[in-house]
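Step one of this worksheet: look at the structure below.
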Amino acid sequence: MRLKLGHDHPAVETVVLLVSEAVTNSLVHSDSRNGGRITLALADFHDFVQVDVTDAGGETAPEVCGDLLAEGGRGMLLVDALARKWAVQDHDAGRTLWFQVAYTRDL
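Residue numbers (full-length UniProt numbering): 1 to 107.
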């Protein structure tokens, strides 16, 4: 992520954090965890970055955990708090979690 966006990109830290959370969710919770594929797509639209994380899907979709004291489940809480928009879409290839991180550039 850092190389694609650039180390000085205004959204790089947030994007790296949220990608880490989303890919970890795929590795732990999706059917991709047993050697399946996880695909990551990144696009910069000049005032937001969109990230798509696609995996094989699973029994449950990513959701925000309401229990702040739970041992896990806070990754989607971070996505919900830091992304300007996010959603989960099921499709023939599996499931995609996408999110957008807004930013402004200093002139």
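All C-beta atoms in this analysis are idealised placements derived from N, C-alpha and C, irrespective of residue type, glycine included.
For a cut-off of 8 Å, the C-beta gap from Arg84 to Gln100 is around 5 Å, short enough to register as a contact. Each of Asn25, Asp44 and Asp106 was checked against the Cα of Glu59, and the nearest Cα belongs to Asn25. Counting only runs of at least 3 residues, the UniProt domain "Histidine kinase/HSP90-like ATPase" (8 to 100) fully encloses the following beta strand (DSSP E) elements, listed from N- to C-terminal order: 39 to 44, 48 to 55 and 85 to 91.
A distance below 8 Å separates the beta carbons of Ser30 and Ala56. Counted as a single uninterrupted DSSP element, the alpha helix (DSSP H) harbouring Arg2 occupies residues Arg2 to Leu5.
Taking 8 Å as the cut-off, the beta carbon of Val79 is found no closer than this to the beta carbon of Ala11.
Arg105 is classed as exposed because its beta carbon has fewer than 16 other beta carbons within 10 Å across all chains shown.
Taking Ala43 as the centre and dropping the five residues before and after it, the same chain places the C-beta of Gln50 closer than 6 Å to its C-beta, in chain order. Using a 10 angstroms sphere on the CB of Arg37, the tally of other CB atoms stays under 16, which defines it as exposed. Contact annotation: Thr54 and Gly6 have beta-carbon atoms that are not nearer than 8 Å.
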